[in-house]
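Residue numbers (my numbering): 151 to 295.
Here's the structure we're looking at; comments come further down.
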C-alpha cells in the first residue's frame with residue numbers, strides 16, 4: 151500500500167463491523183453490535199475517532215480523548231491506536247497519530263499522553279520516533295463491578 155493511498159477521516163457508526171475487527175486484532179474481542187453501543191456512549195465524551203482507509207477498507211483507527219482531572223490542566227490521551235496487520239509499516243499509524251495531534255491542538259490542550267502495555271515491545275519505539283517521551287511507569291489495578 152502506498153502512503154498516498156491512505157485516507158484519514160472521522161470514524162462513523164457504519165464503520166462498526168470493521169472497527170470490531172480492528173479492536174479484536176488489538177486483543178479486545180468485540181462484535182459490531184458492541185462497537186455500535188460504545189460509539190453511542192462515546193457521543194457524550196469529548197473525543198476524536200479517526201480511521202485510515204484505502205480501497206480495501208479500514209487499515210487503522212485512533213481514539214483520542216480530552217481528559218479533565220482535578221490534579222492538572224486538561225490533556226489529551228490516545229486511548230487506542232490500532233493498525234491492521236496488513237497496514238503496519240506503511241505509514242498508517244503515523245498518519246492516524248498526526249490526525250490525533252491536530253485534533254488535540256484544536257482543543258488547546260498542552261500535552262498528549264499514550265499508555266503502552268509492557269508486552270508491546272516495539273510500540274514504545276514507534277511513539278518515540280514520533281516525538282513522544284516516556285514520563286513514568288505505573289501499574290494498573292482493576293476491580294470488577
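C-beta atoms are modelled at their ideal positions from N, C-alpha and C, and glycine is treated no differently.
Enumerate in chain order the residues of its own chain whose CB-to-CB distance from residue i is below 6 angstroms, with the five nearest sequence positions on each side excluded.
| i | result |
| --- | --- |
| residue 227 | 215, 217 and 263 |
| residue 166 | 182, 185 and 186 |
Bridge partners of residue i, per DSSP?
| i | result |
| --- | --- |
| residue 160 | 200 |
| residue 183 | DSSP output for residue 183 lists no bridge partner at all. |
| residue 232 | 211 |
Between the options, which has its C-alpha nearest residue i's C-alpha?
| i | options | result |
| --- | --- | --- |
| residue 222 | 158, 288 and 261 | 261 |
| residue 170 | 188, 158 and 156 | 188 |
| residue 163 | 232, 193 and 253 | 193 |
| residue 249 | 293, 213 and 172 | 213 |
| residue 278 | 166, 185 and 247 | 247 |
| residue 225 | 289, 259 and 255 | 259 |
| residue 284 | 292, 274 and 290 | 274 |
Please state whether DSSP places residue i in a helix, a strand or coil.
| i | result |
| --- | --- |
| residue 237 | helix |
| residue 272 | coil |
| residue 210 | strand |
| residue 227 | strand |
Report yes if the CB atom of residue i is closer than 8 angstroms to the CB atom of residue j, and no otherwise.
| i | j | result |
| --- | --- | --- |
| residue 158 | residue 272 | no |
| residue 199 | residue 243 | no |
| residue 234 | residue 205 | no |
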